[in-house]
Structures are given as structure tokens and as C-alpha cells.
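See below for the structure under consideration.
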Amino acid sequence: MTINVVVGAAIIRDGRLLAAQRAEPAELAGGWEFPGGKVDPGESDEDALVRECHEELDVKVALTERIGGDWPLGAESVLRVWTADLVEGEPQALEHLALRWLSRDELHEVEWLPGDLPVVEAIASYLR
Ligand SMILES: Nc1nc2c([nH]c(=O)n2[C@H]2C[C@H](O)[C@@H](COP(=O)(O)OP(=O)(O)OP(=O)(O)O)O2)c(=O)[nH]1
Numbered sequence: 001m002t003i004n005v006v007v008g009a010a011i012i013r014d015g016r017l018l019a020a021q022r023a024e025p026a027e028l029a030g031g032w033e034f035p036g037g038k039v040d041p042g043e044s045d046e047d048a049l050v051r052e053c054h055e056e057l058d059v060k061v062a063l064t065e066r067i068g069g070d071w072p073l074g075a076e077s078v079l080r081v082w083t084a085d086l087v088e089g090e091p092q093a094l095e096h097l098a099l100r101w102l103s104r105d106e107l108h109e110v111e112w113l114p115g116d117l118p119v120v121e122a123i124a125s126y127l128r
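See the structure below:
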């Protein structure tokens, strides 16, 4: 069985984390996640993440630090997360229902996808 790699960006600005609300598929719609997506064959994780942020948010990001290792998403996928700085552009919800910048106190005001919760905990210490 091949394990699918999903990459996610913890974009932080002024001590706040950018959270994005999924628009699809129906069973995930409304849940909040890190911008990102699946790594294409032959593509590095980091290149995939920069590409996905451009496609989804119309921004250029610079990845800064890997957060933890492979975070399990069910039996068949893992999530790999990097913190990121915005280098160019203001994030647009091109593929999401909404975007929010969350301070540490606000982290749990949105309903994160279940697999993201441990990652969100790991990122709390980076926020104000
Ligand atoms: N992008 C992203 N996906 C996540 C997170 N947490 C989580 O469980 N997932 C799941 C949702 C999806 O089943 C899968 C990522 O798929 P995706 O739909 O974002 O990937 P993609 O943009 O490459 O889309 P596609 O080619 O399949 O259409 O991982 C997260 O924080 N960010």
C-alpha cells in the first residue's frame, strides 16, 4: 500500500495562524485545515506546498521550519507541516469557504479536521 503524503502550511503573521475552511468534498466541507494538498509524483514536499499555497491563496510563501514528523491522517495518508512566512500577496480564499487569522486564544474557535488537532497543539507555542 502506498501512503499518500499531504503537505500543510502553518502560515504565521504577527503571531497569528492562517486557518482555511474546506469547501469540498461534502464530508470535509466546513472543516478547517492548513492550506496545502497532495504531493504530485516527482515533486518535493516543499515544492508542492509552495505550489498549493499559490494555487489556493494566490500568495508566495517561504517555508521556515518542519513541525514534527509524519502526522497520521487515517491509515493511508500522512500530513507533513511546515511553518511559513508570507513573502508576497494577501491570502485569498480561491478554493476555500473562508480564511481566518487565529491568535493562540482563538485556535479552537474553528472546527479543525480531526487529524490536524495534534498539529494545532504543536503550533500553539509559536503564536501570541
Ligand atoms: N490540505 C490539507 N488537507 C488536509 C489537512 N488535514 C487533513 O486531514 N487533510 C486531508 C483532506 C484531504 O483528504 C487530503 C488533502 O487533499 P486536498 O484535496 O487538499 O489535496 P489536493 O489539493 O492535492 O486535491 P486533489 O488533487 O485531490 O483534488 O488531506 C490539512 O490540514 N490540509
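Going letter by letter, the sequence shown gives residues 1 to 128 in UniProt numbering.
Note that CB positions come from ideal geometry on N, CA and C, so glycine has one too.
These numbers were taken from a predicted model, which means no experiment stands behind them.
Work out the CA separation of residue j and residue i for me, nearest whole Å.
| i | j | result |
| --- | --- | --- |
| Y126 | G15 | 7 Å |
| V119 | K38 | 17 Å |
| L95 | A29 | Strictly speaking, residue 95 in this sequence is Glu, with Leu absent from that position. Approximately 11 Å between the Cα atoms of the pair. |
| L86 | E121 | 22 Å |
| K60 | S44 | 17 Å |
| L102 | I11 | 11 Å |
| L73 | G89 | 30 Å |
| E24 | R128 | 30 Å |
| R66 | M1 | 25 Å |
| A124 | L107 | 8 Å |
| P91 | V5 | 24 Å |
| D58 | R51 | 10 Å |
| A19 | D40 | 23 Å |
Got a sec: does ligand 1 put a non-hydrogen atom nearer than 7 Å to the Cβ of residue i?
| i | result |
| --- | --- |
| G8 | yes |
| L102 | no |
| G115 | yes |
| E33 | yes |
| G30 | no |
| L107 | no |
If you follow the alpha helix (DSSP H) that residue i is part of, which residue opens it and which one closes it?
| i | result |
| --- | --- |
| residue 145 | No answer is possible for residue 145: the residues shown for the chain start at 1 and end at 128. |
| A9 | Element bounds for A9: not the alpha helix (DSSP H) but the beta strand (DSSP E), 4–13. |
| V120 | 117–123 |
Could you please give the first and the last residue of the uninterrupted beta strand (DSSP E) stretch that includes residue i?
| i | result |
| --- | --- |
| A19 | 16–22 |
| G31 | G31 -> no beta strand (DSSP E), and no H or E assigned at all. |
| A62 | 60–73 |
| R100 | 96–102 |
| D40 | Careful: D40 lies outside any beta strand (DSSP E) and carries neither H nor E. |
To which residues of the same chain is residue i closer than 7 Å at the C-beta, ignoring the five residues directly before and after it?
| i | result |
| --- | --- |
| I3 | E76, S77, V78 |
| L49 | V7, A9, G36, L63, W82 |
Considering only residues of the same chain and omitting the five flanking positions on each side of residue i, which have a CB-CB separation below 6 Å?
| i | result |
| --- | --- |
| L97 | Q21, A23 |
| D105 | none |
Exercise. Taking three-plus beta-carbon pairs below 8 Å as touching, is the region 106–118 in contact with the region 27–37?
Worked result: Pairwise C-beta distances place the region 106–118 in contact with the region 27–37, as three or more of them are shorter than 8 Å.
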